[in-house]
Amino acid sequence: MDLWAWMERLGQDDHEALEHLLAHYDGMLRYIVGGMLSDPQDREDCLAQVRSKLWEGRHQYDREKASPTTWLTALCRNAAYDHLRSQRRHGTSESLDPRHPDPSPGPEEQVLRQERVQQLQEALSKLSARDRTLFYRKYYYLQSTARIAAELGTTERAVEGRLYRIRKRLQTLLGGDAT
Numbered sequence: 265m266d267l268w269a270w271m272e273r274l275g276q277d278d279h280e281a282l283e284h285l286l287a288h289y290d291g292m293l294r295y296i297v298g299g300m301l302s303d304p305q306d307r308e309d310c311l312a313q314v315r316s317k318l319w320e321g322r323h324q325y326d327r328e329k330a331s332p333t334t335w336l337t338a339l340c341r342n343a344a345y346d347h348l349r350s351q352r353r354h355g356t357s358e359s360l361d362p363r364h365p366d367p368s369p370g371p372e373e374q375v376l377r378q379e380r381v382q383q384l385q386e387a388l389s390k391l392s393a394r395d396r397t398l399f400y401r402k403y404y405y406l407q408s409t410a411r412i413a414a415e416l417g418t419t420e421r422a423v424e425g426r427l428y429r430i431r432k433r434l435q436t437l438l439g440g441d442a443t
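So this is what it looks like as structure tokens:
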């Protein structure tokens, strides 16, 4: 049975399909989580969250929008990123102060952020596939420079140089707004 059929069965509340997909994508999911979370217990907790999110979101999958691999990659990356944010948030013991305004962005800030994201996506589409992949590995999947260099068979310095040139190119494409 192909992956599309397994995704369809998952949408029909089939637990066997869930187990098959998790077994098939186990290496990829561990690779993504391992690049973002260093503690083995955090990795396992995150993979449990991915399993839960996969089951809870099984009816949201749309075959026309993404392949099973793309959908699971995004789901896994977002779970790992949420885990990182949760760790950072719980690492500080701040109490809410009624004298301070709500730190969440307002409607104007949300619109501006969406526009910046769209501009960045357009600029990224103008990069070569190799540069775009390197950018995603570093800034989307939060992989360390050392890991990227080791997997590409190059030096950290070479990866850092390439990332520097990519950032400069993006700054040019975005009119100097990229950081």
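End of the sequence shown = 443 in the working numbering, gap-free, step of one.
All C-beta atoms, glycine included, are put in the ideal place defined by N, C-alpha and C.
Just the Cα atoms here: how many angstroms apart are Val423 and Arg411? 10 Å
Taking 8 Å as the cut-off, decide whether the C-beta atoms of His347 and Cys310 are in contact. yes
Over the uninterrupted alpha helix (DSSP H) stretch that includes Leu388, give me the two end residues. Pro371 to Ser389
With 16 other CB atoms within 10 Å as the buried threshold, where does Trp268 fall? exposed
What distance in whole Å lies between the Cβ atoms of Lys317 and Ala281, which are believed to be in contact at a cut-off of 8 Å? Not confirmed; about 15 Å, so no contact.
Alpha carbons only, please: which of Arg307, Ile430 and Arg426 is nearest the one belonging to Ser389? Each of Arg307, Ile430 and Arg426 was checked against the Cα of Ser389, and the nearest Cα belongs to Ile430.
Where the alpha helix (DSSP H) containing Phe275 begins and where it ends: Contrary to the premise, residue 275 reads as Gly rather than Phe in this sequence. Looking at the DSSP string, the run of the alpha helix (DSSP H) that includes Gly275 is Leu267 to Gly275.
Alpha carbons only, please: which of Leu406, Arg327, Met271 and His284 is nearest the one belonging to Ser302? Leu406
Arg396 to Tyr428 span [Cα, whole Å]: Straight-line Cα distance between these residues: approximately 13 Å.
Element boundaries [alpha helix (DSSP H), containing Glu328]: Per DSSP, Glu328 belongs to no alpha helix (DSSP H) and is neither H nor E.
Which residues bound the alpha helix (DSSP H) around Leu311? Pro304 to Glu320
Determine the extent of the alpha helix (DSSP H) in which Gly299 is found, giving its start and end residues. Residues His279 to Met300.
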